[in-house]
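Visitor:
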Amino acid sequence: MAIDISIDLETFSRIDIQEASTVRYATDSSTLVLMAAVSVDGAKPIVWLPEECGSRVIFGRSEWDEADEVMEYLRNGLQPDDKVRAFNYQFEHYCLLAHLDIDIPIQNWHCTQVTARRAGFPNDLKSVAYMCTDNVKGPEGNRLIRKFSIPVSSGKRQGERRMPGEDPEDYDQFIGYCIQDVVVEQAVARKVAPFEFCGVEREAFELTHKMNARGVPLDMDTVRHAIKLRAGAELSTNATFFETVGCLPSQRAQALDWFNEQGYGYASLDEYHVSRELETDKTLTKIGREMMELRYCVAGAAVKKLDKMVHMHMPDDTAKGCFSFGGAQQTGRWSAQGLQPMNMKKPRPGLDTDAFFTYLRTRPPLENMVKRYPNYHQYLGCSIRHFIKGPFVTSDYNAIEARIIGWVSGQSDLLQQFRDGVDPYRAMAAKVFGVSPDEIGKPSQERDLGKALVLGAGFGLGGQGFLDQAGHLITFEGQDFLDDTGEARPPEDVRLELAQRYINVWRATNKRIVGFWQECERAALNAVQHPTEKFSARGVTYHYGRVNGRKYLLCRLPSGRYINYLDAKPKRCLTPWGEERLQLVFWAKHPLKVSYEWKSIYGGLLVENIVQAIAADVMINGFVNLGRAGYDIRLLVHDEAVILMPAPTEADCRDIERTMCKAQPWMGDLPLAAEAELIPYYKK
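According to our numbering, the stretch in the sequence shown is residues 255 to 938, in order.
See the structure below:
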């Protein structure tokens, strides 16, 4: 008979887990397993302490023999049908494997964190416990972890470990804290049990573990040289910046004030807004732009990924544990952690990053690098992807979201363009500019604008939103835009008018998609107002009900998987376009914070969730197909699989494309297509 074991570990290490990631921390030689709390089939948890810590002498307990038996069962007796549960199982898995020689197969692991995420709850056990159980983790745990799990931070004993015998009373509390974690995890597991996954999703979860274990290969020699060059330039960069701006690049508040005086239009120097300024807005003065480029060299998030590579790298020059299955709430797409390949900076137009990186790999001295690339820091920030070392075959689903939104909404003419091999971006641009598609160049700025419309307007985007996303593509040179008095209108007003005009053309061309927004919003609102009934919007169905005591709006996708909206309810609120009306809100994580908030749902957002969730289902299918075919997948970046191959060929590319596009019955006539190419290092 299968048994169910819950486990939680407490450890000591000289490694900072926030910098190094779970796998690097868990496998480091300085890491020690201090204790393990285990529960078998829901029984009261017992604690295991290692002999070598001397703790057993201090803390006399009656369950040592029983705890030893459980640990031995995990080591040698585990059966295929047994379940081993943990919250963020990777931590327990790698600690047990590296330090106790307990290798629990991924088939046995059940991660309560992943299941809780599917139920709409946070990523950390304390927050989940607070939101969905009566077992609240107290603040004492953090104090005990600081005391026993990390080295002494100052004084004569700096860097040393506090031993159990130094404070037996606190250490006994630490043991109790570990036991309580198992109690909390079990309560959470019971609460989110209806959201457990199986079948192809379970297979994708297990394949993700294997992909994470193989790791992302890194060109560490070049990483270290790039960091050396950056350090060599930092002194002169700081001096130049201070002389011009009056502060150091790291002094964000003072720097922001100066940049605002130079025309910078945002209240933050975060990666998103700085990138918008440098690549799209271009409102800064010439000197302001030069200083922002300099600051980006030493303080930008892109180049800091080099430090993350150093912190995470393993002896085999890989970064492991970079991807979380189902990490994106609502959609179920993979998310990234640590190295974060999904938000690596893309090369700017006009920068030949391939040539730059080829030169960087020869490890030139700083003076030679500056001579050849005076603005080398720009190149470095845009070349971060290149440090992920191939050779690879990278295969990306072609325009997957545009295909899915056309399919699920019934916009048949858009689907037919894909089936006929018509470029939908040129076709859209032709409608916008009133010309034949043959008159739209490929590539061209007009096609780029058509692409931005096809890929961006499907989720309810308005004129202002399109201007924010693609304003750099909207030009009006040679056109007269005058007000009623014959005076030239301000450029920003003209751009907004053009943006709205382009959106209107898109909406007139894609009426089925626009109607699908309204159908989904109406079906979702009806479901909440009539909990016993189901309401369909073409291929999706909404219903409302309680799951283990919590209210959910549930959206059933064509695959049979659900999008879950926690505590959804109707409320009068302001739409993104300024209209006050009855909408749905649900309890969701703030996109930029750890806190939760009420988030409004409108038709465009519902459709965005549906499309991205179906894209996740398509990717799950393609990922599993590739795994079954034996391909060595190392990265999953949105809708792209990156496969390590020693000597890839064009024939391999075609086979990978076919493998990714093997459809499931639920996909019906969805026209899938993938594009694979050979690359020496990772680049999107």
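In this text, a Cβ means the ideal position worked out from N, Cα and C, and glycines have one as well.
(1) Could you tell me the alpha carbon to alpha carbon distance between Gly395 and Cys386, rounded to whole angstroms?
(2) Would you call the region 494-512 in contact with the region 577-584, where contact means no fewer than 3 C-beta pairs closer than 8 Å?
(3) Residues bridged to Ile284 by DSSP?
(4) Which residues bound the alpha helix (DSSP H) around Pro678?
(5) Within the same chain, show all residues whose beta-carbon is closer than 6 Å to that of Val446, passing over the 5 residues directly before and after it, in chain order.
(6) To which residues of the same chain is Asn758 closer than 6 Å at the C-beta, ignoring the five residues directly before and after it?
(7) Which class does Glu420 belong to by DSSP, given the choice of helix, strand or coil?
(8) Kindly indicate which residue of Pro299, His726 and Arg468 has the alpha-carbon position closest to the one of Val321.
(9) Provide the residue span of the alpha helix (DSSP H) that contains Ser666, from first to last.
(10) Below 6 Å CB to CB, which residues in the same chain sit around Tyr348 once its five sequence neighbours on both sides are set aside?
(11) Would you tell me roughly how many angstroms separate the C-alpha atoms of Lys574 and His892, rounded to the nearest one?
(12) Does the Cβ of Ser849 have 16 or more other Cβ atoms within 10 Å, making it buried, or fewer, making it exposed?
(13) Report the rounded CA-to-CA distance for Glu515 versus Gln723, giving the unit in angstroms.
(14) Among Lys765, Leu807 and Asp524, which one has its Cα closest to the Cα of Ala777?
(15) As a quick exercise: from Tyr756, Leu926 and Asp886, pick the residue whose alpha carbon is nearest that of Glu700.
(16) Please return the same chain residues whose Cβ sits closer than 6 Å to the Cβ of Met921, not counting the five positions on each side in sequence.
(17) Starting from Lys643, follow the beta strand (DSSP E) in both directions and report where the run begins and ends.
(18) When the Cα atoms are used, what is the spatial distance from Ile910 to Thr572?
(19) For Asn622, count the other beta carbons within 10 Å of its own beta carbon; 16 or more makes it buried, fewer makes it exposed. Which is it?
(20) Could you check whether the region 344-363 touches the region 457-464, counting it as contact only if at least three pairs of C-beta atoms, one from each stretch, sit closer than 8 Å?
(21) The beta strand (DSSP E) spanning Gln837 covers which residue range?
(22) For Phe789, report the span of its beta strand (DSSP E) as first-last.
(23) On the three-state DSSP scale, how would you describe Ile868?
(24) Please classify Gln671 as buried or exposed, where buried requires at least 16 other C-beta atoms within 10 Å of its C-beta.
(25) Could you spell out the range, first to last residue, of the beta strand (DSSP E) harbouring Val794?
(26) Report all residues from its chain with a CB closer than 8 Å to the CB of Arg673; omit the five preceding and five following residues, and keep chain order.
(27) Ignore the nearest five residues each way along the sequence and tell me which others in Val338's own chain have a CB closer than 6 Å to its CB.
(28) Quick one: what does DSSP say Gly732 is sitting in, helix, strand or coil?
(29) What do you get for Ala928, buried or exposed, if any count of 16 or more other CB atoms within 10 angstroms of its CB means buried?
(30) Quick check: the Cα distance between Met325 and Asp319, rounded to an integer number of angstroms?
(31) Report the three-state DSSP secondary structure of Leu727 (helix, strand or coil).
(32) Tell me the rounded alpha-carbon separation between His844 and Leu820.
(33) Under the three-state reduction of DSSP, which class applies to His364: helix, strand or coil?
(34) Residues in its own chain within less than 6 Å of Lys983 by CB, not counting five upstream and five downstream?
(35) Starting from the C-beta of Ser293, find all residues in its chain whose C-beta is less than 6 Å away, skip the five residues before and the five after it, and write them out in chain order.
(36) Output the distance between the C-alpha atoms of Pro304 and Tyr425, rounded to the nearest integer angstrom.
Guide: According to the data block:
(1) 20 Å
(2) no
(3) Residue identity check: residue 284 is Ser in the sequence provided, not Ile. DSSP output for Ser284 lists no bridge partner at all.
(4) Pro678 to Phe687
(5) Thr369, Ala370 and Ala373
(6) none
(7) helix
(8) One point to set straight first is that residue 321 is Ala, not Val, in the sequence displayed. With distances taken between Cα atoms, Ala321 lies closest to Pro299.
(9) Ser666 to Asp674
(10) Val277, Ala280 and Thr281
(11) 18 Å
(12) exposed
(13) 24 Å
(14) Leu807
(15) Tyr756
(16) none
(17) Lys643 to Tyr651
(18) 24 Å
(19) exposed
(20) yes
(21) Glu834 to Lys843
(22) Lys788 to Ala791
(23) helix
(24) buried
(25) Val794 to Val801
(26) Pro925
(27) Ile259, Ile358, Asn362 and Trp363
(28) Note that Gly732 scores a pLDDT of 49, beneath 50, so its modelled location is shaky; the value from the coordinates is reported in the next line. DSSP places Gly732 in coil when its eight states are reduced to three.
(29) buried
(30) 10 Å
(31) helix
(32) 14 Å
(33) strand
(34) Not covered by the structure: residue 983. The range shown for the chain is 255 to 938.
(35) Ser260, Pro299 and Val436
(36) 14 Å
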